[in-house]
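4 protein chains.
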Amino acid sequence: MPQGTLADIQGSYIIAQTPFDDRGAVDLTSIDSLADFYVGHGANGFVVLGVSGEGGKLTPDEAQSVTARFIARAGGRPVIVGVSNPGTAQLALLAKQAMDQGAAGVMIAPPGGLRTEEDLLGYFSTVFGMIGDVPTVLQDFPGSTGVWMSVSSILKLIESHPQIQVVKEEDLPSLGKITRLREGGGRRVAILTGNNGLYLPQELGRGIDGPMAGFSHPEMLSGVWRLHSKGRVEEAHDLFDCYLPLLNYEAQGFWGVAARKEVMRRRGAIRHATMRMPGPKLGPQHMSELDLLVRRVERAVANRR
Amino acid sequence: MPQGTLADIQGSYIIAQTPFDDRGAVDLTSIDSLADFYVGHGANGFVVLGVSGEGGKLTPDEAQSVTARFIARAGGRPVIVGVSNPGTAQLALLAKQAMDQGAAGVMIAPPGGLRTEEDLLGYFSTVFGMIGDVPTVLQDFPGSTGVWMSVSSILKLIESHPQIQVVKEEDLPSLGKITRLREGGGRRVAILTGNNGLYLPQELGRGIDGPMAGFSHPEMLSGVWRLHSKGRVEEAHDLFDCYLPLLNYEAQGFWGVAARKEVMRRRGAIRHATMRMPGPKLGPQHMSELDLLVRRVERAVANRR
Amino acid sequence: MPQGTLADIQGSYIIAQTPFDDRGAVDLTSIDSLADFYVGHGANGFVVLGVSGEGGKLTPDEAQSVTARFIARAGGRPVIVGVSNPGTAQLALLAKQAMDQGAAGVMIAPPGGLRTEEDLLGYFSTVFGMIGDVPTVLQDFPGSTGVWMSVSSILKLIESHPQIQVVKEEDLPSLGKITRLREGGGRRVAILTGNNGLYLPQELGRGIDGPMAGFSHPEMLSGVWRLHSKGRVEEAHDLFDCYLPLLNYEAQGFWGVAARKEVMRRRGAIRHATMRMPGPKLGPQHMSELDLLVRRVERAVANRR
Amino acid sequence: MPQGTLADIQGSYIIAQTPFDDRGAVDLTSIDSLADFYVGHGANGFVVLGVSGEGGKLTPDEAQSVTARFIARAGGRPVIVGVSNPGTAQLALLAKQAMDQGAAGVMIAPPGGLRTEEDLLGYFSTVFGMIGDVPTVLQDFPGSTGVWMSVSSILKLIESHPQIQVVKEEDLPSLGKITRLREGGGRRVAILTGNNGLYLPQELGRGIDGPMAGFSHPEMLSGVWRLHSKGRVEEAHDLFDCYLPLLNYEAQGFWGVAARKEVMRRRGAIRHATMRMPGPKLGPQHMSELDLLVRRVERAVANRR
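Chains as they are written, first to last, in the UniProt record's numbering: chain A, 1 to 305; chain B, 1 to 305; chain C, 1 to 305; chain D, 1 to 305.
See the structure below:
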């Protein structure tokens, strides 16, 4: 895949879950139904092996199998592979394997322990020197990494490294940072946002190119983006607000991911809601809370039509 | 005030903002209108000098003035004073001053740097040995303090220290922890919750006694609590969902507090939306985002009636 | 005191302990003997209310008493007062009080929560706008504050704020940073170093102006500085090495401070070794370890002569 | 290897460096000379792929090659393999591979993000359920992991999991914790200590079974242990103090490791001092500092004889 492809992406890029069976083994069969589910609900592409995709719980061999299965089922849609790793040699190896498998690019967040802009710029010089000409999503997610990147640092990285074609902006709050990145000039990159999509309508208003997030109802992510991109801002908010109570519930860290997998199991996207150990297990009260929230969301969506 | 009063509290306890004028000086006059605004929208009591109340930005003298003014205007409603401090001598002094001024109790979160349960239990033994018989809200807010308290640690603290009459539970997620605290047995304490009220309907379902949070529309906090306590759960959710888009916007850390103060200024609760330096300043896009969200919330609330 | 005085300081600036009596009250009488002890062992000045001086455990009134007593006994030697505070209003008040009492300047470390260079520069613009023309020691101590300042950030701060006349450099490792600060050009400031003096000989070789540290044997700090400044580098190392086993023991965080106070009590500098709660208490094995180390240090120093 | 072997280990267990050539490739040839160097200077066993061994910078294949080479050259001495990993599936795979290669056991530190004792106990239940009957060194290194384990938590882990045969205690300070672990009763495990050996004489006095650390002069580690175990405590201190100035220099995090590798290169243990990127590179002043320290250490050791 020629460099430069990702800088123009728009739309809804799903942070894909990894399905496991009841015993915690990777459930490759469910990847097929899951990929179909995502595409059927408007996904323009996938990110696999992300944080909420439990990528860090897989062995390297499992990670390769999951990547291959998603790429095979994506029907040509771009699949981006998370390759962040504390070791740069391993990161470079993962990036090479992903691209050899047919990935559209990789996603990289800086490892913990980088303290200053010098550390940050030095780190990415090393990394991009090693991985070469690989389209890259730079992930700005300080709540997870503990590494804070200022807008001017991000702009310097974009300037120095043509591999960076997308910024996944999920600092909290993201809004001011998006505006300043867009006003910062320099080479154009796509900006997509995470944080479970909690600020998607405002982020679209600030000029992003779409969500890069996970949700049990991916039709919300694609729908809000589509309405907003057509200038139908109030309708985008209307749709978003229907789902917000459940979205908010799914934003409870890994407990939220457990809820998300349970709802996706109910919707037939995956066969099991299992999270690999160590991970949370929902209790009966969580189930009742989900029952109520899902019923209310479905009613709100139905009333809107 | 005799010990034991706080263990039975129920209802909506507002985390009060501290008003500042355009130059950043404490605006005592606005405290009167602010207290009236809270009471008029259903507050059963106040917490002053909390984190989002910018308590940490005040000098000790300012803190005393703010406390005195709120107590004077509270019409006998309980006022709880945040006295967390890295120094226990200063904490004890603040607690004494607060009680001398007529506070109903104090709120204490553990300071950063406590690592193990031993550290935690030792810290509170020292603190309660110093402050004596003062009704206390134990604040469990690891996202801010960096100190994680397990349910069994909290139960041990309640067992050892009769001063603890309320737990403010704002770990994330709070839900499982609330259930386990309620099932833990031992002496009964009130449980109230913060985190901007983002999970209030579920937390009420888990058995809390009310919110202890801040919001530009405190009528939501009191209204959801009231409906839920009458068993009108669906209506509680309906009301909550009307406000959730704005509540979510106000949950962006200190940027959210800035938004909250701006909305409260528009509603006439305070004369200035100023946050004391160092603090965020909203730009024109934030203002537009607030315009849209407030308009939509007002419409949703009106339609609901 | 006219601005600019501190930029030329050289020698040994002691991070002073705060003496407490057996019940944990400030022992003002011991401050007199302590100040004399420091001066008698070569101190050129003092820093009071630092981290290892337990400054954070004092009430504001106690802090003022301690400061006044040290200044009164310092015989005109510069006394620098630690005024770091999470609230800038309180910091400004503390700085004003210190200067009114006759301090030579203040020491400020950035508060936790500053993430990027922008945050850092913004914070100090606010602070220096508030405190005005006060000679300041900028403390670079990321291990305690959690705030990392790059060399270029520190140079920008020096450039922007003439109040900064000294950098206390105690990042770990300090050596490369000292060299780069000295090579960075711009206005000349004094550089002194902390970290319990563990790298003092190397730091002197990198061009610092002296130690700013605490030790139970302050004659080592002043002696090593004096020898090194006369070009007697090997002798400076010889002296340093005599004390290093005890210095290393005193470098165990607050446990090391407890050991330091115990040794200083034995030497007659203070009447009680008490640390204010919450703080460590040495057990009998600590006492045996200190017995052995002190005896060995005294023998090594005697053999050297 | 039958379970139980490691609980009785005594002596000096070296945290082995990983040698790289000038281009950053693993230098397997140097592993032979390095293992011989360690054994020739008194090592009783090895730990490979630890933090200061740059284990985190290797790919899984490289890690296996390094392990195999060390085991082949160790002459039957126990080789313990660091297998800490954020993913438990990968950790279990690494543990199995290590034992299949002939390792004597594995070393595991808890991953970041465990907050309470419940988290901690739950994590190790999962891990030991997965790896089965593998002799394990439990590494207590909060300064690196960010996970604090109280003495009672460690004792509970020992009680529950017979696989734990050694505790590597490198909390700071370690001294009180060692005493309390030894007094805690329960099943006997070996206790070895790290932190670059900075408190080795005191730790031996508290009852540990030897050092588990790295140093450019491993004869110090084995010598101090041997003298102390024969009751020649003053001589153990004498020997330790000869090396302390260099030991202290090597305790500067990864900069210290760079210094260590340089000194070991000079001593012929490895062919290159290279650290794999991202890692520090020593400048000319570091070299001069090392020249002086090494010369002084050699003189002190010679004078002692």
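For every residue, glycine included, the Cβ atom is placed at its ideal position computed from N, Cα and C. None of these values were measured; they are calculated from a predicted model.
Unbroken beta strand (DSSP E) run spanning Gln-90(A), endpoints: Unbroken run through Gln-90(A) is the alpha helix (DSSP H), 88 to 101; no beta strand (DSSP E).
Interface partners of Gly-205(A) on chain B, CB under 9 Å: In chain order, Gln-285, Ser-288, Glu-289 and Leu-292 make up the part of chain B whose C-beta sits under 9 Å from the C-beta of Gly-205(A).
Asn-248(C), buried or exposed, once every other Cβ within 10 Å from all chains shown has been counted against 16: Note on Asn-248(C): 16 or more other CB atoms within 10 angstroms of its CB, so buried under the neighbour-count rule.
Where the beta strand (DSSP E) through Gln-202(B) begins and ends: For Gln-202(B), there is no enclosing beta strand (DSSP E); the enclosing alpha helix (DSSP H) covers residues 200 to 205.
Rounded C-alpha distance that separates Val-51(C) from Gln-97(C): One C-alpha to the other measures close to 19 Å.
Contact belief for Leu-246(A) with Ser-216(A) at Cβ below 8 Å, rounded distance in angstroms: Between Leu-246(A) and Ser-216(A) the beta-carbon gap is near 7 Å, inside 8 Å, which marks them as a contact.
Proximal residues of chain A, C-beta to C-beta of Trp-148(C) below 7 Å: Ordered by position in chain A, the residues that pass the 7 Å Cβ test against Trp-148(C) are Arg-115 and Thr-116.
For Arg-73(C) and Thr-136(C), the rounded distance between their alpha carbons: In this structure, the CA atom of Thr-136(C) is about 22 Å from the CA atom of Arg-73(C).
Neighbour flag for Gly-4(D) against chain B, beta carbons, 9 Å: In this predicted model, Gly-4(D) has a pLDDT of only 49, less than 50, meaning its place in the structure is not dependable; the value taken from the coordinates is given anyway. Not one chain B Cβ lies under 9 Å of Gly-4(D).
Endpoints, alpha helix (DSSP H) assigned at Pro-142(A): Looking at the DSSP string, the run of the alpha helix (DSSP H) that includes Pro-142(A) is 142 to 145.
Chain C contacts from the segment 43 to 72 of chain B (Cβ-Cβ distance under 8 Å): Per Cβ criterion, the list reads Gly-56, Lys-57, Leu-58, Thr-59, Pro-60 and Glu-62.
Counted within 10 angstroms of its Cβ, other Cβ atoms place Met-1(A) as buried (16 or more) or exposed: Bear in mind that a pLDDT of 40 at Met-1(A), under 50, signals an unreliable position, so the number given afterwards is only what the model happens to contain. By the neighbour-count rule (16 or more Cβ atoms within 10 Å), Met-1(A) is not buried but exposed.
Ser-160(C) classed as buried or exposed, judged by whether at least 16 other C-beta atoms fall within 10 angstroms: Ser-160(C) counts as exposed, since fewer than 16 other beta carbons sit within 10 angstroms of its beta carbon.
Nearest-angstrom Cβ-Cβ length linking Lys-31(D) and Val-66(D), presumed shorter than 8 Å: Residue 31(D) is actually Ile in this sequence, not Lys. About 7 Å; that satisfies the 8 Å criterion.
Against chain A: residues of the segment 171 to 185 of chain B by CB proximity under 8 Å: Going along the segment 171 to 185 of chain B in chain order, one finds Leu-172, Pro-173, Leu-175, Gly-176 and Thr-179 with a Cβ nearer than 8 Å to chain A.
Any chain B beta carbon closer than 9 Å to Phe-215(A): Closer than 9 Å: no.
CB contact below 9 Å: Pro-142(D) versus chain B: Taking Cβ atoms only, chain B reaches closer than 9 Å to Pro-142(D), which makes this a yes.
For Leu-93(B), the nearest candidate out of Leu-58(C), Ala-16(C), Met-130(C) and Val-83(C) (CA to CA): Taking the Cα of Leu-93(B) as reference, the smallest distance to any Cα among Leu-58(C), Ala-16(C), Met-130(C) and Val-83(C) is reached at Leu-58(C).
Distance CB(Gly-53(A))-CB(Gln-101(A)) smaller than 9 Å: Taking 9 Å as the Cβ cut-off, Gly-53(A) and Gln-101(A) do not qualify as a contacting pair.
Nonlocal neighbours in the same chain, by C-beta distance under 6 Å from Gln-165(D), ignoring five residues either side: Around Gln-165(D): Leu-6, Ala-7, Pro-135 and Val-189.
Neighbourhood of Ile-14(D) by C-beta distance below 6 Å, restricted to the same chain and skipping five residues each side: Same-chain partners within the cutoff: Tyr-38, Ala-43, Phe-46 and Pro-218.
As assigned by DSSP and simplified to three states, the class of Gln-3(C): Unreliable positioning characterises Gln-3(C) in this predicted model, as indicated by a pLDDT of 47, which lies under 50. A coordinate reading is not provided.
Per-residue burial, Gln-10(A) [other beta carbons within 10 Å of its own, 16 or more giving buried]: Result: exposed.
Runs of alpha helix (DSSP H) wholly within the segment 189 to 252 of chain C (minimum 4 residues, chain order): Counting only runs of 4 or more, we get 200 to 205, 218 to 229 and 233 to 249.
Residues of the segment 246 to 270 of chain A with Cβ closer than 7 Å to any Cβ of chain B, in chain order: The residues in question are Asn-248, Gln-252, Gly-253 and Trp-255.
Interface flag, Val-151(D) vs chain B, CB-CB below 9 Å: Taking CB atoms only, Val-151(D) has a neighbour in chain B less than 9 Å away.
Closer than 9 Å to chain A by CB, Thr-88(D): Interface with chain A (9 Å Cβ-Cβ cutoff): Thr-88(D) is included.
Beta-ladder partner(s) of Gln-139(A), from DSSP: For Gln-139(A), DSSP records a beta bridge to Lys-168(A).
Under 8 Å by beta carbon: chain C residues contacting Gln-202(D): Gln-202(D) reaches chain C at Tyr-249 and Glu-289, counting residues in chain order whose Cβ is nearer than 8 Å.
Contacting residues, own chain, Cβ-Cβ under 7 Å from Leu-62(D) (five flanking each side not counted): A small fix is needed here, since residue 62(D) is Glu in this sequence, not Leu. Only Val-26 meet the Cβ criterion.
Three-state secondary structure (DSSP) of Gly-55(C): In the three-state reduction of the DSSP assignment, Gly-55(C) falls in the helix class, which pools H, G and I.
Cβ-Cβ separation, Val-151(C) to Gly-184(C) (assumed contact under 8 Å), whole Å: The beta carbons of Gly-184(C) and Val-151(C) sit about 6 Å from each other, so the pair counts as a contact at 8 Å.
Within-9 Å CB hit, Thr-126(D) to chain A: Cβ-Cβ to chain A under 9 Å: yes for Thr-126(D).
Euclidean distance between Cα positions of Asn-303(D) and Leu-28(D): Each residue's Cα considered, the two are about 37 Å apart.
Val-151(C), DSSP secondary structure in three states: Here Val-151(C) sits in helix by DSSP.
Cβ pair Thr-126(B), Pro-284(C) closer than 9 Å: The Cβ atoms of Thr-126(B) and Pro-284(C) lie no closer than 9 Å to each other.
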